[in-house]
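Participant:
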Amino acid sequence: MTNKEHKVLVANRGEIAVRIVRACRKLGLNFVCVYTAEDVESGHVLLAREAGGDKALYRVSSYHDANELLAVADIAGATAIHPGYGFFAEDYRFARRVSRRESKLVFIGPSWRVIRELGDKINTKRLARSLGVPTVPGSDKPIYDEMEAERVARNLYEFQQQQGIEHPVILVKASAGGGGMGIEEVHDIDLFRSVYRRIRNYAARQFKDEGVLIEQRIRDFNHLEVQILAERNCEGVVHFGTRNCSIQSTGLQKRVEVAPGFDSGSVAYRFDADQVLADITMHSLAMAKEVRYDSVGTWEWIVTREGKPYLMEVNTRIQVENGVSAAIARIKGQPGVDIIAEQIRTALGEPLGYTQDDISFSGVGIEYRIIAEDPDNRFTPWVGRIDAFSWKKEDWLSVYTHVPESSAGKPYVIPTEFDPNLALGIVWGENLAQARERGKLFLDNLVLKGANSAGEPLKSNVEFLRRKTEQILLF
Amino acid sequence: MLDISAVLEEIKASPYTELSVRAPHCGLLTFPGDLKPGDPLSGPVGEWKEKPGTLLATLERERNERPISCEEKGELAALNRELDGCFVEAGTEIARYRHFLSREEVLQLILKRALHLFIAPERAKYYFVPAVDIKFKVSGPKAVTVHDGDELFIMSRMKREASLRYSGPEGVIYAVYFIYNQNVDAGAPLIGVCPPDLVPQVEEAVLRVQTEWTERN
Amino acid sequence: MEIEKQVQHLTERLIYIRDIFGDKHNENIRLLVSKMEDYRRREPSLSVRERRAAVLTLEDLFGFVEKKLEAELSPMDMVRIVRHPQRICLRDILENVYDNYTEIGSMGEHSIDPSMVIARAYITRRRGKKTIDQSVMVIGQEKGHGEEFRNGGSVKPWGNAKALHYMKVAETENIPIHTFVFTPGSYPIEDTPGAAQQIAANIYGMSSLKVPVISVISEGGSGGAEAIALADRRIMLSHGYYSVISPEGAAAIEGRLRSGQRASQELVEKCASQMQITARDNLRMGYVDHVIQEPNLGARPYHYEFFRNLRQELLRVTDEVSISVRGLHLFRALRLRSRRKQAIKGLDFEKAYVRWNLPSSAQNRLVNRRHRKFRRLSLHAAPDYTPFSKRLSSLWQEIGWGLYTHFKYDMLQRQQQKVAEYVDEVKSEWTLFFDRILAPWRMLMSKIRGAERKVSVETERQLTELSEWDDNQEQRGGNWVYVSAKARIDRAVTCPNASTHGCLDLWAPDLYGEFAGVCTNCGHHFPMEHQWYLHNVFDQGSIFEFATDVEASNPLGIEEFEVKLAEAKRKTGHKSGCMVFEARINGVRLVVAMLMAAFRGGSVGAAEGEKFIRAAERASRKRFPFLAYVHGTAGIRIQEGTNGLIQMPRCTMAVRRYIDDGGLYIVTYDTNSYAGPVASFLGCSPYQFGIRSANVGFAGPGVITETTGILVPPHYHNVYKALSRGHIQGIWDRREMRFNLYRALLTMGGRNLYYR
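Protein chains in written order, with the working numbering: chain A, 1 to 475; chain B, 1001 to 1217; chain C, 2001 to 2756.
See below:
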């Protein structure tokens, strides 16, 4: 089977579904989309109908139900499945099912073993340490013994003091936990034992595993990412540079992403920024090779104010902000890089066709996430109807959205079930100053109007994004 | 004041509702061979409604057959036979049937007009706050009295939860109109509250429905 | 008047005969009927004298026919005799056997449970010239000649609880207990304290009562009977029956009938005789000690001669039990033996030779004897095909363990403990003393050095570099050693709670593989085969099976059962439904008895019981904790009849011995566990846990509705309900069984897992 004969099931919605469909068309591949009753008016549905007709579109009960997706895949004759981000993107069980069921499909993403291996934070940390990749100081395995826990905690406390940290803080986490549950900070080492016991008992009750992790609490850091892409056979592994995702909402959700991760040409840093970027890129590549990574992925890092990088986790999926890295990348000197298309192409077995040396970077990219939300009120999502949505087209600007432009004439009701993202605006500038200027220009010219059922006008984060543009890459 | 006689007459004029049965998910649809329009249908039966109603269709997905049973007593109005043996998308209409209103349902219809309805402010999923939820589970509805300003609901949408306070007259929660884990549209009623001064009227409605409404079998 | 009464009496006898035989022996019944009618017709024309003569002739005829019919009684006829309202009941016995009595806690229908009657009674005897009143506690089911509120002698859980309470009272008062079993079976409801759990408590309690217990069985219906029938001597009335299930119930199972359907009369008759339920059968098999002959066609309240015999027998047996455990009993025992002969000659036992209250040494002997007695029962029904050489070596091993544990735990450890405690004390004193002296010095030192404390290179390495991984404590989350065959089928499975909990369909390979058969959304547990537990709960390769050659058999020779049994053996690769083994869990050793649902529904017969007892004894000998893992049990194996039923007291007594020795006995229920085993050796554990989604109870919903007319709501028996009712002590998730079990062993067993 040549690649052109593949048919890709787009197992997602919204902006990413739109981008996957576009990438498929660019590659000359067939596709099939799914949608739920709530999304009838969504851009991805309109696009799919327009480009593929009714046979490329199936209504399902939920995007979360794997059975629905696979039933559609079979009836539509799909041969590959793109999970996008969210939903099943990092679900190794789904990837495993896809590859083990009787009528098999290509999972466009890493193989399930890789997803599973890197989905486990302890495992990732140990893997990193085994390669000498820096990680947050502390334990790298669950601790079950109270005496040992206390010894680690004391060492960690003294270690921080020695590093000149004035108020050392230790994190105690349930090793089987996640998502903020079962985590407590210890500010006074003499109180460690009581915190430890509380967490241990909580973990035993909640997760039936008394294991506890003890880590340094890092404060004041920048959030950096390294974009990796690898061939299916794990031979060719390249990176598409770094991103800085430090501008976040109060709920620690990313709002503005910038590529590259630091810009030593325009901003003065207290550390050798270029060296840090080189280090984290090198470490990320080394790990990708070690685990035999075979798709796109993102290595997430935190960099302290002193310029110390620590690997946090690996995201085994295409990310929202892949476009900002693509914006500054050139393959063999050519712009217009599409990382999603590259992901699909390689996942279906094509070789990369280029090496790291063929990839170069130019300028600065900024990605804005435009969201109907209230930044003044803990970024509470705003629900209602969008009446007008348009922007001024520029050759340095790309906007990805599933919200139909107001030229379509119909208002769009924001579904309440899903992520509140409306659109991504990616601007490119030759340097940081120009990128900032263009960013502001984009936001200024953006039209986004609507009202909710009570008649109150739409609230969005556009003003917040504008304000934050000034702080981009400052650290 | 609500004119109960008028409402009753109005309902008597059309004593049934027509309900639609839709595919809960995608899959291969098959109908039982002998089912045809006009057939009587039974809803779930048994002391605890533990036995499902008449089998309307089976839907097979990923080699798993799921029976689709009738939810209410009634009479089959239409069956989309042309879908037999076909793959159907989620939400496709499979059949329609007439359900003749029972006393309880008529009463609910009247109550919905008589009671103070507390309206959903936004499209979202609603839950009772745990304290109220427990009361409901232990003592059933009509055991919870609400006051103006009580924290009563958790409103969940866009992955965020917010609490919602009750506003309106003090009274007993007589009816609950939302279903666990399902979206409620803005403007739809969440609960019906019976203030003390309305109790005689509600009692009258109960009595009159009991005496005047005959259920069809 | 006198004659009228006699005629009336004869009429009742006729009704009785017709009731018992129904359509059978018609010619005899017709004869009696016609003679009776004949008499009635002639009566007005007869003189008083003639009437008297005619009635006498009639009585002779009745006697003759009854004797003739007696010889042809079938087992099912006996069942009908026992159930007949004219049959003697407990009240008749209290009136006619004892000299005086006071009913405890009941007055007709005014009682916590009118089907259970308790009375303090006494029997007056002569010693020399003195009269002595000898007290007994009388406990038994009361059928009350068909009184509605007696519920036919079907006792509710609280009735059995009351019985147990007064057994303990009798123990305190040091008086013997006479129990009278007149029950078709227990009333099968789960309301607290629960039919099964209460019967279990009764059997457990009775197994070590320190006073003589004599039981008299008229109608011994299954678990209801066992609740008061565990005794030092069991006497059976000649026309009674003692069975694991009613013949109708057996027929329904045999004929594979659904609830509501009735089995044919022939099938019921056949089952009744196949099940070997009569007094003679049970005497032969050893489950009762004596049989008292009843008058022809069964005892009725006017058979005063029978009550006298019963009284004599009760006196003799109570004497015998009391004497046999006293220290100096040789002479009187001899005397007693000779008296048995005298009794036959018609001499009575009214002369008291024996006191019935026992000194404490005799109490212990009594309990030991009772345990030994039951230990020996039913061995013939559980053939052990272990080769002789193997038996010999295991005998030696057993003796070895016995000596070893005795030395280690009873002698050595006690000494060690004392020494350790002493050393501990000294140490504490010493540290306190040193701290005082050194404190100022330490302060000074830390002041001097304080500032220059440094983290060593080694410590830094520990905090930032890869550490050694040791998987001692690791749970097996998702990485199961054994994966069910159900995980090989590519299909989706719907969770039964989908409509209420919104569970999405699960993919079978995930569900039965990684998820261990648990719905990830609502936690519903799909049934999983027992192999899953064997491999995933215990340490790998730690399982050592024993007593493998004890084989389930067909002791009653039930037709076609041989074939079914062979099929079960072939299918499971086991010779019985109980697998007993030693295993380890995180290094802690324990003995496990597992009932397998795959082998005839996990039913318990003589072989299963015997293996269970051996497991308990092994655990006791080796001082290991003992786990009963019930993968599922449908109850006692009815095809073995009383051979199966007797496992209830037998196994419970083994458990009692083990716990009294200081052992830790834990029970876990999985899938469905019902009836006899739950109502005895499982339900008596103080630590019973249910695997989520399991059902635990006495009788299934169908049986409850059939026998009581009560509709049973869905999930009536599930573990959450059982926990709410107080029947079990906790609910475990299957995936965490290993963790929970290990923790239970540590928290309940303490460090040496042997808590006394």
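Glycine residues also receive a C-beta, built at the ideal position from the N, C-alpha and C atoms. If you're wondering where the values come from, they're calculated on a predicted model, not measured in any experiment.
1. Under three-state DSSP, which class holds residue 2476 (chain C)?
2. Along the alpha helix (DSSP H) that carries residue 2113 (chain C), what are the first and last residues, could you check?
3. Of the residues A:425, A:151, A:215, which one's Cα is nearest the Cα of residue 135 (chain A)?
4. Classify residue 2102 (chain C) as buried or exposed, calling it buried when 16 or more other Cβ atoms lie within 10 Å of its own Cβ.
5. Residue 252 (chain A): buried (16+ other C-beta within 10 angstroms of its C-beta) or exposed?
6. Can you tell me whether residue 2322 (chain C) is helix, strand or coil according to DSSP?
7. Along chain B, in chain order, which residues have C-beta atoms closer than 7 Å to that of residue 2493 (chain C)?
8. Determine the burial state of residue 1086 (chain B): buried for a count of at least 16 other Cβ atoms within 10 Å of its Cβ, exposed for fewer.
9. For residue 59 (chain A), go through chain B and note every residue whose CB falls closer than 9 Å to its CB, in chain order.
10. Relative to the C-alpha of residue 1052 (chain B), which candidate in B:1043, B:1109, B:1187 has its C-alpha closest?
11. Output, in chain order, the set of chain B residues within a Cβ distance shorter than 7 Å of residue 2625 (chain C).
12. On the DSSP letters alone, give me the boundaries of the beta strand (DSSP E) that residue 1060 (chain B) sits inside.
13. Pull the bridge partners of residue 248 (chain A) from the DSSP assignment, please.
14. For residue 165 (chain A), name the three-state secondary structure that DSSP assigns.
15. Give the secondary structure of residue 2650 (chain C) by DSSP, where H, G and I count as helix, E and B as strand, and everything else as coil.
16. Indicate whether at least one CB of chain C lies closer than 8 Å to the CB of residue 1061 (chain B).
17. Give the single residue among B:1182, B:1146, B:1187 whose Cα lies nearest to the Cα of residue 1172 (chain B).
18. What are the boundary residues of the alpha helix (DSSP H) that residue 283 (chain A) is part of?
19. Provide the residue(s) that pair with residue 1128 (chain B) in DSSP beta bridges, ordered along the chain.
20. How is residue 2224 (chain C) classed by DSSP in three states: helix, strand or coil?
21. Near residue 2378 (chain C), which residues of its chain fall below 6 Å by C-beta distance, leaving aside the five closest residues on each side in sequence?
22. Can you find at least 3 beta carbon pairs, one from the region 115-122 of chain A and one from the region 2421-2439 of chain C, that sit closer than 8 Å?
23. Using a threshold of 8 Å, state whether the C-beta atoms of residue 2242 (chain C) and residue 2227 (chain C) are closer than that.
24. To test your reading of the DSSP string, which unbroken alpha helix (DSSP H) runs of 4 or more residues are found completely within the region 2146-2215 of chain C?
25. On a Cα-Cα basis, can you pick out the residue from C:2371, C:2668, C:2709, C:2016 that is closest to residue 2694 (chain C)?
26. How far does the beta strand (DSSP E) with residue 1099 (chain B) in it reach, from first residue to last?
27. Please state whether DSSP places residue 2468 (chain C) in a helix, a strand or coil.
28. Just checking: is the beta-carbon of residue 1080 (chain B) within a distance shorter than 8 Å of some beta-carbon in chain A?
29. Starting from residue 70 (chain A), find everything on chain B with Cβ-Cβ shorter than 8 Å and list it in chain order.
30. Just to make sure I have the definition right: I need the residues of chain A whose C-beta is within less than 8 Å of the C-beta of residue 2509 (chain C). Which are they?
31. Residue 10 (chain A) versus chain B: which residues are under 9 Å apart at the beta carbon?
32. Taking 8 Å as the cut-off, decide whether the C-beta atoms of residue 1026 (chain B) and residue 68 (chain A) are in contact.
33. Within 10 angstroms of its Cβ, does residue 2720 (chain C) collect 16 or more other Cβ (buried), or is it exposed?
34. For chain C, check one thing: does any of its Cβ atoms lie closer than 8 Å to the Cβ of residue 1047 (chain B)?
35. Out of A:291, A:108, A:257, A:308, point me to the one whose CA is closest to residue 278 (chain A)'s CA.
36. Expressed to the nearest angstrom, what Euclidean distance is found between the alpha-carbon atoms of residue 2473 (chain C) and residue 2538 (chain C)?
Facilitator: For this structure:
1. Numbered from its first residue, the third sequence carries residue 2476 (chain C) at position 476. In this prediction, residue 2476 (chain C) scores a pLDDT of 49, lower than 50, which makes its location untrustworthy; the coordinate-derived value is nonetheless stated afterwards. It is coil, neither helix nor strand.
2. Here residue 2113 (chain C) refers to the residue found at position 113 of the third sequence. Counting along the chain, residue 2113 (chain C) falls outside any alpha helix (DSSP H), and DSSP gives it neither H nor E.
3. Locating residue 135 (chain A) in the first sequence gives position 135, where the first residue counts as 1. Checked all of A:425, A:151, A:215; the closest Cα to residue 135 (chain A) is A:215.
4. Looking up residue 2102 (chain C) in the third sequence gives position 102. Exposed: under 16 other Cβ atoms inside 10 Å.
5. Along the first sequence, read from residue 1 onward, the residue named residue 252 (chain A) stands at position 252. Looking at its Cβ environment, which holds fewer than 16 other Cβ atoms inside 10 Å, residue 252 (chain A) is exposed.
6. Taking the first residue of the third sequence as 1, we reach residue 2322 (chain C) at position 322. Helix, per DSSP.
7. The sequence position of residue 2493 (chain C) within the third sequence is 493, counting from 1. The contacting residues are 1064.
8. Working through the second sequence from its first residue, we reach residue 1086 (chain B) at position 86. Per the 10 Å Cβ criterion, exposed.
9. Residue 59 (chain A) sits at position 59 when you count from the first residue of the first sequence. Per Cβ cutoff of 9 Å: 1026, 1089, 1090, 1091, 1092.
10. Walking along the second sequence from the start, residue 1052 (chain B) turns up at place 52. For the residues B:1043, B:1109, B:1187, the minimum Cα distance to residue 1052 (chain B) belongs to B:1043.
11. Position 625 of the third sequence, counted from the start, is the residue given in the question as residue 2625 (chain C). Around residue 2625 (chain C), no beta-carbon contact reaches into chain B at under 7 Å, the shortest distance being about 38 Å.
12. Taking the first residue of the second sequence as position 1, residue 1060 (chain B) is located at position 60. For residue 1060 (chain B), the enclosing beta strand (DSSP E) begins and ends at 1055-1061.
13. Locating residue 248 (chain A) in the first sequence gives position 248, where the first residue counts as 1. Answer by DSSP bridge pairing, in chain order: A:254.
14. Taking the first sequence and counting its residues from 1, one reaches residue 165 (chain A) at position 165. The answer is coil: DSSP assigns residue 165 (chain A) none of H, G, I, E or B.
15. For the purposes of this step, residue 2650 (chain C) is taken as residue 650 along the third sequence, with counting starting at 1. Judged by DSSP in its simplified three-state form, residue 2650 (chain C) adopts helix.
16. For this step, residue 1061 (chain B) is matched to residue 61 along the second sequence. It does; some Cβ of chain C falls within 8 Å.
17. Against the second sequence, residue 1172 (chain B) aligns to sequence position 172. Of all alpha-carbon atoms in B:1182, B:1146, B:1187, the one lying nearest the alpha-carbon of residue 1172 (chain B) is that of B:1146.
18. Along the first sequence, read from residue 1 onward, the residue named residue 283 (chain A) stands at position 283. In this chain, the alpha helix (DSSP H) harbouring residue 283 (chain A) covers 273-290.
19. Walking along the second sequence from the start, residue 1128 (chain B) turns up at place 128. Answer is B:1153, bridged to residue 1128 (chain B).
20. Within the third sequence, residue 2224 (chain C) is the residue found at index 224, counting from 1. Helix, per DSSP.
21. For the purposes of this step, residue 2378 (chain C) is taken as residue 378 along the third sequence, with counting starting at 1. Hits under 6 Å: 2606, 2643, 2646.
22. When C-beta atoms of the region 115-122 of chain A are compared with those of the region 2421-2439 of chain C, fewer than three pairs fall below 8 Å, so the two segments do not count as touching.
23. Sequence index remark: in the third sequence, residue 2242 (chain C) carries index 242 (1-based). Sequence index remark: in the third sequence, residue 2227 (chain C) carries index 227 (1-based). No, they are not a contact pair.
24. Runs of alpha helix (DSSP H) with 4 or more residues, each lying fully within the region 2146-2215 of chain C, are found at 2157-2173, 2195-2206, listed in chain order.
25. Start at 1 with the first residue of the third sequence, and residue 2694 (chain C) comes out as number 694. Its Cα nearest to that of residue 2694 (chain C), the residue C:2668 stands out among C:2371, C:2668, C:2709, C:2016.
26. As a first step, residue 1099 (chain B) is located in the second sequence; it is residue number 99 there, counting from the start. Note, residue 1099 (chain B): beta strand (DSSP E), 1093-1100.
27. Taking the third sequence and counting its residues from 1, one reaches residue 2468 (chain C) at position 468. Residue 2468 (chain C): coil per DSSP, three-state reduction.
28. Reading the second sequence from its first residue, position 80 is the one you call residue 1080 (chain B). At a cut-off of 8 Å, the C-beta of residue 1080 (chain B) has no neighbouring C-beta in chain A.
29. Stepping through the first sequence from its first residue, residue 70 (chain A) is reached at position 70. The answer, in chain order, is 1062.
30. Position 509 of the third sequence, counting from 1, holds the residue named residue 2509 (chain C). Chain A residues near residue 2509 (chain C): 97, 100.
31. Position 10 of the first sequence holds residue 10 (chain A). Those do not exist, as residue 10 (chain A) stays about 16 Å from chain B at its closest Cβ, beyond 9 Å.
32. Within the second sequence, residue 1026 (chain B) is the residue found at index 26, counting from 1. Within the first sequence, residue 68 (chain A) is the residue found at index 68, counting from 1. Contact: yes.
33. The count along the third sequence starts at 1 and reaches residue 2720 (chain C) at position 720. Under this definition residue 2720 (chain C) is an exposed residue.
34. The count along the second sequence starts at 1 and reaches residue 1047 (chain B) at position 47. Under the 8 Å criterion on CB atoms, residue 1047 (chain B) is classed as interfacial with respect to chain C.
35. Position 278 of the first sequence, counted from the first residue, corresponds to residue 278 (chain A). Closest by alpha carbon: A:308.
36. The sequence position of residue 2473 (chain C) within the third sequence is 473, counting from 1. The sequence position of residue 2538 (chain C) within the third sequence is 538, counting from 1. At residue 2473 (chain C) the pLDDT is 47, less than 50, meaning the model places this residue with poor confidence; the figure from the coordinates comes in the next sentence. Residue 2473 (chain C) and residue 2538 (chain C): Cα-Cα distance of roughly 13 Å.
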